[in-house]
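Engineer: My questions will all concern the structure given below.
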Amino acid sequence: MKSKGSRFERDLIAELWKAGLAAIRVAGSGVSTFPCPDIVAGNGRVYLAIEVKMRKDLPLYISNDEVEKLVSFAYDFGAEAYVALKLPRKKWKFFPVRMLERTEKNFKIDENIYPLGLDIEEVAGKFFQERLGEKV
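According to the UniProt record's numbering, the stretch in the sequence shown is residues 1 to 136, in order.
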């Protein structure tokens, strides 16, 4: 499964470069004692700390600890914290941490949150969509 996750991370990096964001995988992101995301990306205007997830279906649960570490790194680095989610036969969707639903022990992305996810072009700052009456 680890090699499969690495493949998805490399695929996402290629997509980020196509969208105009320089991107790299962070070595040891899953095992480091320091908070660090799977991918760091930016273009001089937008800086992203990205935790990469893939699932066959929803919901996706993410531990409080994982989200806290992502937010901590993003804050210290001056980046925005995102979870990038890939579902089969779907394009990548990006979720700012503030968009995640908090449960008692975790954060989650479910069928209600998923449609609100951002496309890669939105995350790259190329354009913004209005969602629920406010700019995202």
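Even for Gly, the Cβ is constructed at its ideal location relative to N, Cα and C.
If we call anything under 8 Å between Cβ atoms a contact, is A124 one with A19?
Structural biologist: In this structure, A19 lies closer than 8 Å to A124 by Cβ.
Engineer: To which residues of the same chain is L58 closer than 7 Å at the C-beta, ignoring the five residues directly before and after it?
Structural biologist: Only I109, D110, E111, Y114 meet the Cβ criterion.
Engineer: Pull up the CB-CB distance for F94 and A84, whole angstroms please, since I reckon it's below 8 Å.
Structural biologist: Yes, F94 and A84 are in contact; Cβ-Cβ is about 5 Å, under 8 Å.
Engineer: Indicate whether P37 and V26 have their beta-carbon atoms separated by less than 8 Å.
Structural biologist: Taking 8 Å as the Cβ cut-off, P37 and V26 qualify as a contacting pair.
Engineer: If you drop the 5 nearest sequence neighbours on each side, which residues of the same chain put their C-beta closer than 8 Å to that of F77?
Structural biologist: The answer, listed in chain order, is V40, Y47, A49.
Engineer: Which value, in whole angstroms, describes the spacing of the CA atoms of residue 137 and L16?
Structural biologist: With the chain running from 1 to 136 in the structure shown, residue 137 is simply not present.
Engineer: Could you compute how far the alpha carbon of E68 sits from the alpha carbon of V52?
Structural biologist: Those two C-alpha atoms are separated by around 15 Å.
Engineer: Give the C-beta separation of L119 and K91 to the nearest angstrom, bearing in mind that I take them to be a contact with Cβ-Cβ under 8 Å.
Structural biologist: The amino acid at residue 119 is misidentified as Leu; the sequence shows Asp. Confirmed, about 7 Å.
Engineer: Whose C-beta lies closer than 7 Å to the C-beta of L60 among residues of the same chain, with five residues either side of it excluded?
Structural biologist: Excluding positions up to five away in sequence, the list reads K53, L85, K108, I109.
Engineer: What's the C-alpha gap between Y75 and G5?
Structural biologist: Y75 and G5: Cα-Cα distance of roughly 25 Å.
Engineer: Would you report the Cα separation of R55 and G44, rounded to the nearest angstrom?
Structural biologist: Computed Cα separation, rounded: 31 Å.
Engineer: Might you give, ordered along the chain, the residues of its own chain that have their beta carbon closer than 8 Å to the beta carbon of G8, omitting 5 neighbours on each side?
Structural biologist: The question names Gly, but residue 8 is Phe in the sequence shown. Excluding positions up to five away in sequence, the list reads V52, M54, K86.
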